[in-house]
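Going by my numbering, the first residue of the sequence shown is number 80, and it counts up by one from there. Worksheet for the structure shown next.
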Amino acid sequence: FRRNPALVWDWYAYRRELISAVSPNPAHQALVTLEARYPEFTLITQNIDDLHRQAGSRQVIELHGNIQRVCCFDCGKPAVEWETETEKPPHCRYCGGLLRPDVVWFGEALPRHALEDALQAAQTCQAFFSIGTSGVVEPAASLPYVAKQRGALVVEINLEPTPISAIADYAFHGRAGEVLPALVAAL
Numbered sequence: 080f081r082r083n084p085a086l087v088w089d090w091y092a093y094r095r096e097l098i099s100a101v102s103p104n105p106a107h108q109a110l111v112t113l114e115a116r117y118p119e120f121t122l123i124t125q126n127i128d129d130l131h132r133q134a135g136s137r138q139v140i141e142l143h144g145n146i147q148r149v150c151c152f153d154c155g156k157p158a159v160e161w162e163t164e165t166e167k168p169p170h171c172r173y174c175g176g177l178l179r180p181d182v183v184w185f186g187e188a189l190p191r192h193a194l195e196d197a198l199q200a201a202q203t204c205q206a207f208f209s210i211g212t213s214g215v216v217e218p219a220a221s222l223p224y225v226a227k228q229r230g231a232l233v234v235e236i237n238l239e240p241t242p243i244s245a246i247a248d249y250a251f252h253g254r255a256g257e258v259l260p261a262l263v264a265a266l
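Here is the structure:
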């Protein structure tokens, strides 16, 4: 980003454009149904595409940020509005620093509040669903283990087995958009 901020800004603008053409799938909708049934439901995601919120999920912890938001590279303050045509990237109205996508880049720490909230949710849940993840990217990969150690039921939904499969009480292998809606309908 520091070497070529305009290139990075344009690349993320292109990604936002691609994402705008995508809609939430049946798995996203099934998670909204779970949240409506269980008020204590919390959704922890590593996805940055904002599809969970677009589907209607409200209790969302975004571990890796959200591509639809921007923040200042220098002071970290979020930017609600920014000029897209005049400068690439635009400048922060608070400190004058460059704005950047509010996503976690390789080598950066996860947002502390998001990680703390996710850990709290894993420690206190009765059931933990691990859906569509490799189960190897830390620290998120540890969350199902934390939940299991605290007595939660662990359910995995993934195309193929992962390290989480070994501790899952139930492991379903298939597309989340097919498996999760069927599972939620059966509850």
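The beta carbon of each residue, even a glycine, is placed where N, CA and C say it ideally should be. The structure displayed is predicted, hence computed values, not measured ones.
In the structure shown, the three-state DSSP call for Ser209 is strand. Secondary structure note for Thr241: it is in no alpha helix (DSSP H), with a DSSP letter that is neither H nor E. Ranked by Cα distance from Leu198, the options Ala106, Leu122 and Ser102 are led by Leu122.
Take the alpha-carbon of Arg81 and the one of Asp181: they are about 15 Å apart.
Thr203 counts as exposed, since fewer than 16 other beta carbons sit within 10 angstroms of its beta carbon. Note on the stretch 107 to 173: whole alpha helix (DSSP H) runs with a minimum of 4 residues are 130 to 134, in chain order.
Taking one beta carbon from each stretch, the stretch 103 to 119 and the stretch 259 to 266 have 3 or more pairs nearer than 8 Å; the two touch. Put simply, the stretch 186 to 195 does not touch the stretch 94 to 104. Fewer than three CB pairs are less than 8 Å apart. Ile243 is positioned such that its CB atom lies no closer than 7 Å to that of Lys227.
In its chain, beyond the 5 residues on either side, Leu130, His131 and Ala134 have a beta carbon closer than 7 Å to the beta carbon of His107.
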